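Chemist: Per numbering that gives the first Met the number 0, the very first residue in the sequence shown carries number 0; after that it's consecutive. One structure follows; several queries about it will come next.
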Amino acid sequence: MDPLILSRIQFGANISFHILFPTITIALGWVLLFFKLRYNATNDSAWMRAYFTWVKVFALSFAMGVVSGVTMSFQFGTNWPGYMEKVGNIAGPLLAYEILTAFFLEAAFLGIMLFGFRRVSNRIHTLATVLVAGGTTVSAFWIIALNSWMQTPAGFEMRDGVAHAVDWWAIIFNPSMPYRLTHMLLASGLTVSFLIAGLSALRYLTGDRSESMWKALRTGVFTAAILIPIQIFAGDQHGLNTLEHQPQKIAAMEANWNTGPNVPLVLFALPDEAAKENKFEIAIPDGASLVLRHSTSGVVPGLNDYPGNHPPVFPVFWGFRVMVGTGILMLLVSWSAAFFLKRRHSLPKPLAMLMVPMALSGWLATLAGWYTTEIGRQPWLVTGVLKTGDAVGPVAGSHVALTLATYLVLYVLLLIAYLGVLVHLALKAAKDGDSSPLPGVMNAAMSQPAAGE
């Protein structure tokens with residue numbers, strides 16, 4: 000058993016599980032702030048009912064993200080010691096900034112969001128929501144800064160084989176960072192929008208017509224309908240940036256073997272790296288040149304220009320297509336749902352039924368996108384600085400296999416439990432409707448003396 004392959008699979012499994020939860024909390028914090036501000040402006044308790052339904056989802060997702068993040072961090076020492084030995088002077092501070100400036104905000108003020116309503120002033124409760132929402136975004140900023148630096152490193156110099164920072168501004172705002180951060184924040188917004196819309200559609204299908212359901216449903220649907228075209232544009236710009244700085248990744252994404260003009264846009268194929276060709280190819284003539292160079296005669300890089308220095312083609316090619324295909328489906332579903340909610344103030348049952356599994360479409364698109372960008376960096380761990388094979392530690396393959404199997408079993412069980420809780424929360428909210436008292440309101444009422452006392 001090759002410890003390098005097993006360590007890569009293990010880290011990939013860990014980060015695949017971990018990323019599911021920050022993808023929710025990054026944007027959900029801002030949705031909760033929207034719910035709270037709407038309540039402040041209208042004094043409509045339905046907004047707070049939506050708030051308290053979804054703040055439980057936020058808290059659960061935050062906890063899952065923290066736990067899975069800790070196990071992932073351990074692997075820097077157990078499986079990938081060469082990473083910190085080579086670039087720890089840069090990676091270490093960026094990870095520390097994320098904890099010091101973001102994690103503390105989320106952990107400290109989440110309790111006020113959960114339990115402080117009517118126990119602290121409304122202004123303090125709103126401020127806590129602002130700080131938690133801001134903390135999630137700052138957290139994403141630092142993590143994306145590090146990941147982008149690994150893709151397009153800048154602002155450093157090598158001394159005795161170790162990377163040292165010479166310009167932190169260049170390190171943080173490296174060439175791909177603004178595009179990657181924008182793409183990730185929009186991906187989080189879409190993930191949360193479809194999660195809210197999907198679970199609200201489940202409530203709708205059970206017969207729930209409460210105001211809190213309608214408000215959550217409309218928020219999810221209309222937010223998704225607005226964000227998806229913006230994400231398509233941002234993704235295009237990110238692709239152009241990748242073409243400039245990581246042309247071999249673009250060549251793998253397009254399964255293009257030979258550099259040249261008039262390159263077709265391959266819709267379907269089975270890339271064969273041994274034969275350096277695509278089997279069963281279905282393509283649009285000149286499409287790739289048009290998309291990437293905005294000209295049918297534009298030159299697109301080919302994989303044959305990077306012998307031994309390009310990523311595995313099959314997973315990058317198909318990861319990209321899964322992401323794009325999911326995005327197109329998200330566009331169709333969100334715009335269709337927005338049309339029916341705007342014009343008819345209802346959802347057709349087939350559309351509502353489709354929206355329920357689409358609640359997880361953001362996860363699918365995010366994972367496919369991350370596989371594309373991370374596998375697309377191979378064979379490098381830090382582009383041009385550290386190869387993946389040079390960073391793996393001297394750990395026995397059998398040991399990695401054992402921990403990998405343990406992680407996989409545990410993560411499957413946790414994921415099933417997590418999804419079960421989400422469904423339970425949605426069905427409970429559907430059952431309670433607008434009749435249940437708000438948290439804090441009941442406590443306030445119970446604390447009042449009875450008549451005659």
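All C-beta atoms, glycine included, are put in the ideal place defined by N, C-alpha and C. From a predicted model like this one, the values you see are computed outputs, not experimental measurements.
Just curious, the beta strand (DSSP E) that residue 379 is in, first and last residue?
Modeler: Your numbering for residue 379 matches position 380 in the sequence shown. Taken as a continuous stretch (DSSP letters only), the beta strand (DSSP E) holding residue 379 covers 379-381.
Chemist: Cutting at 7 Å between CB atoms, please list the residues of its own chain near residue 114, excluding the five before and the five after it.
Modeler: If you number the sequence shown from 1, residue 114 lands on position 115. For residue 114, where only same-chain residues beyond five positions count, there are no Cβ hits under 7 Å.
Chemist: Touching or not, the region 372-380 and the region 296-312, by the rule of three or more beta carbon pairs under 8 Å?
Modeler: Cβ pair count under 8 Å is three or more, so yes.
Chemist: For residue 219 versus residue 193, is the C-beta distance shorter than 8 Å?
Modeler: Counting from 1 along the sequence shown, the entry for residue 219 is found at position 220. Counting from 1 along the sequence shown, the entry for residue 193 is found at position 194. The answer is yes: Cβ separation under 8 Å.
Chemist: Would you decide whether residue 41 is buried or exposed? Buried here means 16 or more other CB atoms lie within 10 Å of its CB.
Modeler: Within the sequence shown, numbered from 1, the residue matching residue 41 stands at position 42. Result: exposed.
Chemist: Is the beta carbon of residue 139 less than 8 Å from the beta carbon of residue 225?
Modeler: Residue numbering aside, residue 139 sits at position 140 when the sequence shown is read from its first letter. Residue numbering aside, residue 225 sits at position 226 when the sequence shown is read from its first letter. For residue 139 and residue 225, no; Cβs fall outside 8 Å.
Chemist: Say the cut is 7 Å; is the CB of residue 27 nearer than that to a heavy atom of the ligand ADP?
Modeler: Annotation note on the ligand ADP: not contained in the displayed structure, which lists no ligands.
Chemist: Report the partner residues of residue 277 according to the DSSP bridge assignment.
Modeler: Looking up residue 277 in the sequence shown gives position 278. DSSP lists 270 as partners of residue 277.
Chemist: Am I right that residue 367 and residue 350 are in contact with their C-beta atoms under 8 Å? What's the rounded C-beta distance?
Modeler: On the sequence shown, residue 367 is found 368 positions in, with the first residue counted as 1. On the sequence shown, residue 350 is found 351 positions in, with the first residue counted as 1. At roughly 24 Å, the Cβ-Cβ gap does not stay under 8 Å, so residue 367 and residue 350 are not in contact.
Chemist: Are at least three pairs of beta-carbons, each pair with one atom in the region 351-359 and one in the region 290-306, less than 8 Å apart?
Modeler: No: fewer than three Cβ pairs fall under 8 Å.
Chemist: Between which two residues does the alpha helix (DSSP H) containing residue 127 stretch?
Modeler: Here the question's residue 127 lines up with position 128 in the sequence shown. Residue 127 -> alpha helix (DSSP H) spans 121-150.
Chemist: Following the continuous beta strand (DSSP E) through residue 108, name the residue where it begins and the one where it ends.
Modeler: To locate residue 108, count along the sequence shown from 1; it is residue 109. It is not in any beta strand (DSSP E) - residue 108 instead sits in the alpha helix (DSSP H) that spans 103-114.
Chemist: List, from N- to C-terminal side, the beta strand (DSSP E) runs of 3 residues or more that fit wholly inside the region 155-232.
Modeler: Entirely contained in the region 155-232, the beta strand (DSSP E) runs reaching 3 residues are, in chain order, 155-158 and 161-164.
Chemist: Tell me whether residue 21 sits in a helix, a strand or coil according to DSSP, three-state version.
Modeler: The count along the sequence shown starts at 1 and reaches residue 21 at position 22. Three-state DSSP puts residue 21 in a helix.
Chemist: Below 7 Å CB to CB, which residues in the same chain sit around residue 35 once its five sequence neighbours on both sides are set aside?
Modeler: Residue mapping note: residue 35 aligns to position 36 of the sequence shown, counting from 1. Closer than 7 Å at the Cβ level, and outside the excluded window around residue 35, lie 50, 125 and 128.
Chemist: Report the option in 202, 400, 404 and 283 whose CA atom is closest to the CA atom of residue 429.
Modeler: Position 430 of the sequence shown, counting from 1, holds the residue named residue 429. For residue 429, the nearest C-alpha among the options comes from 202.
Chemist: In three-state DSSP terms, what is residue 30?
Modeler: As a first step, residue 30 must be located in the sequence shown, where it is residue number 31. Residue 30 falls in the helix class under three-state DSSP.
Chemist: With DSSP as the reference, label residue 242 as helix, strand or coil.
Modeler: The sequence position of residue 242 within the sequence shown is 243, counting from 1. DSSP places residue 242 in helix when its eight states are reduced to three.
Chemist: If you measure between the beta carbons of residue 384 and residue 152, is that distance less than 8 Å?
Modeler: Within the sequence shown, numbered from 1, the residue matching residue 384 stands at position 385. Within the sequence shown, numbered from 1, the residue matching residue 152 stands at position 153. The answer is yes: Cβ separation under 8 Å.
Chemist: Report yes if the C-beta distance between residue 20 and residue 72 is below 8 Å; otherwise report no.
Modeler: Position 21 of the sequence shown holds residue 20. Position 73 of the sequence shown holds residue 72. Contact: no.
Chemist: Give the DSSP-derived three-state secondary structure of residue 321 in the structure shown.
Modeler: Numbered from 1 along the sequence shown, position 322 holds the residue referred to as residue 321. The answer is helix: DSSP assigns residue 321 an H, G or I state.
Chemist: So, residue 240 versus residue 175, is the Cβ gap smaller than 8 Å?
Modeler: Mapped onto the sequence shown, residue 240 falls at position 241. Mapped onto the sequence shown, residue 175 falls at position 176. In this structure, residue 175 lies closer than 8 Å to residue 240 by Cβ.
Chemist: Would DSSP call residue 385 helix, strand or coil?
Modeler: In the sequence shown, the residue the question calls residue 385 occupies position 386. In this structure, residue 385 counts as strand in the three-state DSSP scheme.
Chemist: Would you decide whether residue 338 is buried or exposed? Buried here means 16 or more other CB atoms lie within 10 Å of its CB.
Modeler: Translated into the one-based positions of the sequence shown, residue 338 becomes position 339. With fewer than 16 Cβ atoms within 10 Å of its Cβ, residue 338 is classed as exposed.
Chemist: Measuring straight from C-alpha to C-alpha, what distance separates residue 262 and residue 256?
Modeler: Indexing the sequence shown from 1 puts residue 262 at position 263. Indexing the sequence shown from 1 puts residue 256 at position 257. If I take the Cα positions, the gap works out to 10 Å.
Chemist: Starting from residue 92, trace the alpha helix (DSSP H) both ways and give me its first and last residue.
Modeler: What you label residue 92 is simply residue 93 of the sequence shown in a count that begins at 1. Counting along the chain, the alpha helix (DSSP H) containing residue 92 begins and ends at 80-97.
Chemist: Could you work out which residue in 119, 190, 283 and 387 is closest to residue 79 when comparing CA atoms only?
Modeler: As a working note, residue 79 is residue 80 in the sequence shown. The candidate whose alpha carbon is nearest that of residue 79 is 387.
Chemist: The alpha helix (DSSP H) spanning residue 420 covers which residue range?
Modeler: For the purposes of this step, residue 420 is identified with residue 421 of the sequence shown, where counting begins at 1. Here the alpha helix (DSSP H) through residue 420 covers 396-431.
Chemist: Leaving out the 5 sequence neighbours to the left and right, which residues in its chain are closer than 6 Å to residue 291 when beta-carbon positions are compared?
Modeler: As a working note, residue 291 is residue 292 in the sequence shown. Closer than 6 Å at Cβ, skipping near neighbours: 242 and 299.
Chemist: Throw me the rounded Cβ distance for the residue 275 and residue 303 pair, which I believe falls under 8 Å.
Modeler: Translated into positions along the sequence shown, residue 275 becomes position 276. Translated into positions along the sequence shown, residue 303 becomes position 304. Going by Cβ atoms, the distance from residue 275 to residue 303 rounds to 7 Å, so yes, they are a contact pair.
Chemist: Identify the continuous alpha helix (DSSP H) that holds residue 376 and give its terminal residues.
Modeler: The residue given as residue 376 occupies position 377 in the sequence shown. Run containing residue 376: none; DSSP gives neither H nor E here.
Chemist: Who are residue 259's beta bridge partners in DSSP?
Modeler: The residue given as residue 259 occupies position 260 in the sequence shown. The partner list for residue 259 (beta bridge, DSSP) reads 299.
Chemist: Does the distance from the CB of residue 31 to the CB of residue 53 come in under 8 Å?
Modeler: In the sequence shown, counting from the first residue as 1, residue 31 sits at position 32. In the sequence shown, counting from the first residue as 1, residue 53 sits at position 54. A contact, by the Cβ cut-off of 8 Å.
Chemist: Tell me which residues share the same chain as residue 363 and place their Cβ nearer than 6 Å to its Cβ, disregarding the 5 neighbours each side in the sequence.
Modeler: The sequence position of residue 363 within the sequence shown is 364, counting from 1. So the qualifying residues of the chain are 325.
Chemist: Do you know offhand how far residue 161's Cα is from residue 286's?
Modeler: As a position in the sequence shown, residue 161 is number 162, starting the count at 1. As a position in the sequence shown, residue 286 is number 287, starting the count at 1. Spanning the two alpha carbons is a distance of roughly 43 Å.
Chemist: Just how far apart, CA to CA, sit residue 273 and residue 306?
Modeler: Stepping through the sequence shown from its first residue, residue 273 is reached at position 274. Stepping through the sequence shown from its first residue, residue 306 is reached at position 307. Approximately 12 Å between the Cα atoms of the pair.
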